[in-house]
Structure formats: structure tokens, C-alpha cells
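Notes to accompany the following structure.
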Amino acid sequence: MSATDFSVDLQDIKFVVHEQLNASAIFSQIDQFAMFDADMVDAMLGEAERLATEVFAPLNKVGDEVGCQVDSEGNVTTPPGFKDGWNALVEGGWMAAGGPEEFGGMPMPHAVTVAAHEMLTGANVSLSTYPGLARGVGRVLEGFAPDWLKQISVPRMFDGRWGGTMCLTESGAGTSVGDNRTKAERTDEEGTYLLTGEKIFITAGDQDITDNIIHLVLARAPGAPSGVKGLSIFAVPKFDFDSEGQLGSRNGIFVRGIEEKMGLHGSVTTTLELGGDTPCKGWLLGGEGDGISIMFHLMNEARIGVGVQGLSGASAAYNLALAYAKERIQGVDIENIRDADAPRIAIVNHPDVRRMLMWCKVHVETMRSFLIGTALRVDKAENFLEGDDAELQMAIAELMTPICKAHCTDIAFDVTRIALQTYGGYGYTKEYPVEQYVRDTKIASIYEGTNGVQAMDLLGRKMRAKGGMIFMAWMAETSQVLDQAKETGKLNAAVTAMEKARDALANCAMHLGGLGMSGDYKGAMLQATPFLNMFGHVVLGREAIEQARIAVEKLEGDITDSERAFYKGKVLNAQFYTANVLPNVAAIASGITSGDASCMDEALFQV
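Residue numbers (this note's numbering): 305 to 911.
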């Protein structure tokens, strides 16, 4: 492996899927996934690795350097090779993966999809945004579009002929979606509306990859109430089409500009004008006022996907930093610091570099298992496995979604930052690709709802679900994981530290719940982000402990030297995490329960 070449840790991905989650045994209980035995899963993951390394990764640098261009008529040109990358994805069946069979899709467990997407997205996050949106829009249309529209559009979304976007954000509204001003006027044709307004920050708002684009647009119909309850959602095509799907005239939705961004240069971000010079036609999905509830079907999926995006950047950056640290010869062993003639060594031998790499390693590997495991919960829930409480599995997945999105993307950015630091001055140059991962990964904590919004969602909605019973069910699961680890007799210190962190999390949940019950909503929400971070530390600590427990059992068997090193690394992960990361939980708990509200004092930040 080179310090400039993208790579994936397929060994660790397979460890999570097969040894930690035993996913194939679960798939065998689901008719549509019965084919996904261990060999089939490995074949799929191997093909994803090939596509990532041979097709997606070589296009990553050119996407960053060339970026997207827009002409005077609002037509966007994507970077050279991006359409070839899209076509390779289509030819490999990846666009159809997870889509409805009746519309040309093929079954694919969410857990396998997440594992594959980590590799593809890590290879080229900009390119991955286009198919990700198309598949997500296709699933929304399959669930909520009128039948005639569904029959035409959904097959074209999953075979790669059409693309898709989600259009929520408007200037001046931003995260406050309920302030959207785009209007939808009814026409004489049932279900058809004319839209006027503007949407900003629209990913893939135009491109030269597909023949057509279906935009999902939030807008307000006449007489609709204010706020989110008055929003409806419409399917707005770039080109009109007939009953056979043949494209016709240009619809009135045009690019009026593209953003110059810090990163993600190959993924176009547009401002879209609707109904300016040309009427903009759209078709209602669901009923009037159903916009937010329908859009959340896409947004919840997208938020887990953004967590995977964060992981993918972190994993790629860590792999690059590790390769560089093994190659880069600089300095002498600390024990020979006074010997000017001592042999020079690779920087991977320096204690501070090893500390940085270990911090990256444990976070990448625990984020990976957490995200794939959350996807497996969704597989269980959607297929109503006998003996599993499907509703509970989905509820826990929803509880975890803000942590998938927010904690994983915050940690992922820190991993890329630390990976760059490993390079020293070379990391800050474009000679090495790690600086691009820093820039490309930062957006993940911002879009699909900023991480602060995720924290408020976790504390204000998800923690309160079913009177807190979902949180308690997750806590019970966590206690079971710790009890199983304790039985090995070899992880006692790590388990004890996790038990203390678990209890601190529970106490802070009760404290913040009490603030809410007393009506001190500002006091509670002031601690929403610290609470999510605290929860995230405990979540990843649970993953580290569970992996270490499995590794302890493997180390007692007859294994190769390379396997022994791999499994010992899992045990060391748990030791490092509980000693160096988990103490943050106690510090955060102290802040949450302190009652400090100094930043809310009216003397500060006066307008």
C-alpha cells in the first residue's frame, strides 16, 4: 500500500459482517436475502472493493481539481470520467441494489449496502452523491407517487437512466424548513401543480450524467397553514415526459448558479429557480400537507448515509496516514535521542505518532461496526423476523440515527485532521491526498440537518419516544454486551470503565429529562450537543468492548500470526478507548449537570 493510493480494510469489514454481527445467519431467515450466505456477501464486498479502487478512486483527484462547470443556460458539466464511473456502477448492478424487484431492482440487505458504500464513497465521495440521491428519490417515488408516475419513473431511477435530488433549503429559511416560501398552485389537471420559488444548496441539482432528473420539492399549496404542517412535496422533472417515458420539453426548473465550496468539488451544489421564465410543473406525492412526513423517509435514510460518508472519509484518511507513517523515515528512536549517529527510523515507531494512529484506528473500526450494525437492525425490522420485536429494532435504529449522523461525522472529521497531522508539513500540501479528505469530510457535519439539529432531535424527540422505553431497551442491550465481555475474565478494567460511563449517561438523561419536565427547555437544549457527544462515546465504547470480547475468544484458538495480530488489535482497541477516550464521558457529565448557563446571559452577543 502507498501513502498516495486509496485502499480499504476489507479484513475488518468482513470481521464486522461475519464475526461480530453474524449477518448471513440473519439473512438466511429472510426469504429475499436467503442468497446472501457468507460466500455471496464476500463476493459482493470484493466487487465493491474492485470498483472503488479501480474506477472510483482514479477519478477522485480530477473531480477535486476540475470540479463542475455551469454554462449561461444553466447546464452543468461534471468532471471528466464521472459519467464513466456512473456507468460502471450501473453495469455492476449497484444502482439496482436495494431497489424494488417489480421495478427492476434487486434485493440487497442494508447491512451489505452500508459496507459496500463505505468503500465506494471513500474512493470518491463526490461521485457517490449522484447515485445515492437517485436511489433515495426512487424509493420515495415507489412509496408515494401516483401509480402512473411510479410505473414510468421508478424503473428509470434504479437502472441509471434518471437522477434525483431533494430540494428543501431556501435562502433565509435554512434549517427552519417550516419557513419555506416556494408556492404550488393547483391546475385543472388533478395532482398537477405549477411551482414558483427558489431552492439553494441543492446537491446534484443538474448534471450531464443522466437523461432526466426528478427533483423532490417542498412547497406550500394555497390556503396551507404556516410552518411544516403546511408543506407538501412534489415530483418536479427536469424534462417533461409522456406515458411511455419519452422525454419532451424542458420544465421550468433551472440552475441559476453553483456554489464554490471548501471541498466536494466534483459534487455540484446548485441554486434552482422554479417557474421563473418558464412554467414549472410538478406532481403531488401523497396528499397536501404530507410533505415533511414523506421527506423524512428520505432524510432518515440520508442521515445514516451521511454517517457512512463520514466513516468512509475517515477510513481512507487513516489508511493513507498509516501507510505514510510506515514509509516516512525521520528521526531516531527516543531511547537513542542523544546519539547523533543512531539509525533513522520510520515515524510509525515514534510514540506520539502511534498515539495518533491508534486514536484513528479505534474510532474508524468502532464507527464501522456501529453503522453496519444499525443497518442490520433495519434489515430485521423491515422483514419482521420471527422472535425479533421488529418495532423495537426500528425504534432503536431511529434512536441511533442522530448519533450515526452527528457523532460519526464529528469524529470522522477529527480522524481526517489527525491523519493529516501524521504527515506533518507534507499533509498540508496537495502532493498527498489526505488534505482533500479533510475538506471533503467537513460537509458531513453540516448538511442533512446540522449536527446541532441532530442533537436537538435526539434529546427532544428520540429520547422521549414511548416514555423513554426505547432508550432503556438500548441500555439493557448494552448491559448484556458488558456482562458477556465480563465473563471472559480478560476485559475487566475496560468493562468497569464502560459500566461507569453507561451509568453516567443514564444519570444525565434523567437530569435533562427533569429540566424538560420543569419547563426549562432552554436549559435542556443547551446541553443537547454535549449529551449527544456523550452518548456517542458510550455507543462506540460498546462496539469496542463487543469486538474485544470476540477477539479474546479467537485468540484462544489455533490461528495464524496475522490473525493473532488482528485480534490482539481489537483487545488493544478496547484498552485504548476506555483509558483515553471514555474519560470524556465523566467530563461531559460534569458540565451537563453543573447548571451553568453563562452563555445565555443577556450581556453577551448583543445585537
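Where a beta carbon is used, it is the ideal one built from N, C-alpha and C, also for glycine.
Please read these numbers as outputs of a predicted model, since none were measured by experiment.
CA-to-CA distance, residue j to residue i, given in whole angstroms
| i | j | result |
| --- | --- | --- |
| Ala400 | Asn755 | 31 Å |
| Ala627 | Gly426 | 16 Å |
| Gly827 | Ser902 | 11 Å |
| Ala679 | Ala701 | 8 Å |
| Ala685 | Leu696 | 8 Å |
| Gly509 | Ile518 | 10 Å |
| Ala759 | Leu551 | 43 Å |
| Leu602 | Ala798 | 38 Å |
| Trp398 | Gly731 | 33 Å |
| Ala808 | Val889 | 7 Å |
| Tyr497 | Leu535 | 14 Å |
| Leu393 | Leu349 | 14 Å |
| Tyr434 | Gly468 | 8 Å |
| Arg460 | Thr514 | 10 Å |
| Arg658 | Gly820 | 43 Å |
| Ala620 | Ser311 | 7 Å |
| Leu424 | Thr726 | 24 Å |
| Asp714 | Ile504 | 24 Å |
| Leu703 | Ile330 | 22 Å |
| Lys487 | Asp905 | 39 Å |
| Gly495 | Pro583 | 16 Å |
| Gly556 | Phe543 | 9 Å |
| Val458 | Ala420 | 23 Å |
| Asp683 | Ala723 | 33 Å |
| Gly771 | Glu493 | 45 Å |
| Leu763 | Glu752 | 18 Å |
| Gly861 | Gly873 | 16 Å |
| Ile506 | Ala907 | 38 Å |
Buried versus exposed call for residue i [16 or more other C-beta atoms within 10 Å across all chains shown]
| i | result |
| --- | --- |
| Val911 | exposed |
| Arg721 | buried |
| Asn687 | buried |
| Phe360 | buried |
| Arg443 | buried |
| Gly617 | buried |
| Asn884 | exposed |
| Ala644 | exposed |
| Asn796 | exposed |
| Met814 | exposed |
| Phe909 | exposed |
| Gly464 | buried |
| Arg354 | exposed |
| Arg642 | exposed |
| Ser530 | exposed |
| Ser962 | This structure does not reach residue 962, given that the chain is present from 305 up to 911, and the question cannot be answered. |
| Gly729 | exposed |
| Tyr825 | exposed |
| Ser866 | exposed |
| Pro541 | buried |
Contact test: residue i Cβ vs the ligand SAH heavy atom, cutoff 6 Å
| i | result |
| --- | --- |
| Ser749 | This structure lacks the ligand SAH; in fact it carries no ligand of any kind. |
Expected contact under 8 Å - CB spacing of residue i and residue j to nearest Å
| i | j | result |
| --- | --- | --- |
| Gly501 | Leu578 | 5 Å |
| Phe835 | Ile774 | At roughly 16 Å, the Cβ-Cβ gap does not stay under 8 Å, so Phe835 and Ile774 are not in contact. |
| Cys812 | Ala893 | 5 Å |
| Phe600 | Ile456 | In fact, because the Cβ distance is near 25 Å, the residues do not count as touching under 8 Å. |
| Ala748 | Gln613 | 5 Å |
| Val532 | Ile596 | 5 Å |
| Arg485 | Pro526 | 13 Å between Cβ atoms; not a contact. |
| Leu523 | Leu453 | Per the sequence presented here, residue 523 reads as Ala, with Leu not at that position. Not a contact, Cβ separation roughly 17 Å. |
| Tyr736 | Thr308 | 6 Å |
| Leu499 | Gly402 | In fact, because the Cβ distance is near 30 Å, the residues do not count as touching under 8 Å. |
| Ala438 | Ala327 | Not confirmed; about 26 Å, so no contact. |
| Thr670 | Ala801 | With a Cβ gap of about 15 Å, Thr670 and Ala801 do not count as contacting. |
| Ala699 | Ala769 | 6 Å |
Three or more C-beta pairs closer than 8 Å, one from the segment 646-653 and one from the segment 699-714: is that the case here? no
Would you call the segment 595-615 and the segment 773-785 in contact, with 3 or more CB pairs under 8 Å? no
Length-filtered (3 minimum) beta strand (DSSP E) runs lying within the segment 685-770: none
Pairs of beta-carbons, one from the segment 336-344 and one from the segment 406-417, closer than 8 Å: are there three or more? yes
Does the pairing of the segment 561-575 with the segment 361-372 give three or more beta-carbon distances under 8 Å? yes
Pair every Cβ in the segment 439-458 with every Cβ in the segment 584-593, then say whether three or more of these pairs are closer than 8 Å. yes
Within the segment 798-829, ranges of the alpha helix (DSSP H) (whole runs, at least 4 residues): 825-829
Are three or more beta carbon pairs between the segment 739-748 and the segment 617-634 nearer than 8 Å? yes
Using a Cβ distance threshold of 8 Å, determine whether the segment 835-855 contacts the segment 863-878, with at least three qualifying pairs required. yes
Considering only residues of the segment 634-683, which uninterrupted beta strand (DSSP E) runs meet the minimum length of 3 residues and lie entirely inside it, listed in chain order? 648-650
Stretch pair the segment 313-320 + the segment 380-397: three plus CB contacts closer than 8 Å: no
Would you call the segment 842-850 and the segment 665-676 touching, i.e. three or more CB-CB distances under 8 Å? yes
My parser needs the alpha helix (DSSP H) runs of 4 or more residues fully inside the segment 327-403; what are they? 327-331, 342-355, 364-370 and 386-395
Curious, which full-length beta strand (DSSP E) runs of at least 3 residues does the segment 524-579 contain? 535-541, 543-545, 551-554, 557-562 and 573-578
Quick one: which unbroken beta strand (DSSP E) runs of 3-plus residues sit fully inside the segment 430-516? Chain order, please. 466-471, 487-490 and 496-507
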